[in-house]
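Undergrad:
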Amino acid sequence: MTARQPRRARRRVVPASTLPRPVAGAALEHPAEPVASPGTTARTPRRSASRGREHHVTTDYRYVHTDLYTIGGVGLIVIAFIVAMSFVVG
Numbered sequence: 261m262t263a264r265q266p267r268r269a270r271r272r273v274v275p276a277s278t279l280p281r282p283v284a285g286a287a288l289e290h291p292a293e294p295v296a297s298p299g300t301t302a303r304t305p306r307r308s309a310s311r312g313r314e315h316h317v318t319t320d321y322r323y324v325h326t327d328l329y330t331i332g333g334v335g336l337i338v339i340a341f342i343v344a345m346s347f348v349v350g
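Quick note, the sequence shown lines up with residues 261 to 350 if you use this note's numbering.
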């Protein structure tokens with residue numbers, strides 16, 4: 261009989277970094293000073309500052325169409341080759 265194993269603990273929430281995130285153009289003006297972005301502090305998450313893009317997942321699927329066209333083209337070439345060889349051999 262198998263021994264009972266303890267239940268696995270849930271993922272713990274890791275606090276955000278305590279260092280402020282730099283603003284894009286501010287590092288060029290004063291490279292020695294750390295500058296926090298306007299909507300970011302050590303306690304508030306950055307989500308409120310960037311409503312347009314909340315996660316890293318892209319929803320641009322244009323590459324899928326080109327991949328499907330490429331697969332279709334290669335498939336047609338392979339089928340045409342097989343049909344042509346059936347006439348040559350047979």
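Using N, Cα and C, we set each Cβ at its ideal position, and we do this for glycine too. From a predicted model like this one, the values you see are computed outputs, not experimental measurements.
By the DSSP assignment, the alpha helix (DSSP H) with D327 in it spans what residues?
TA: Taken as a continuous stretch (DSSP letters only), the alpha helix (DSSP H) holding D327 covers 322-349.
Undergrad: Do you know how far the Cα of R322 is from the Cα of T330?
TA: Looking at the two C-alpha atoms, the distance is approximately 13 Å.
Undergrad: Can you give me the Cβ contacts of R270 inside the same chain, cut-off strictly under 8 Å, excluding the 5 residues immediately before and after it?
TA: Excluding positions up to five away in sequence, the list is empty.
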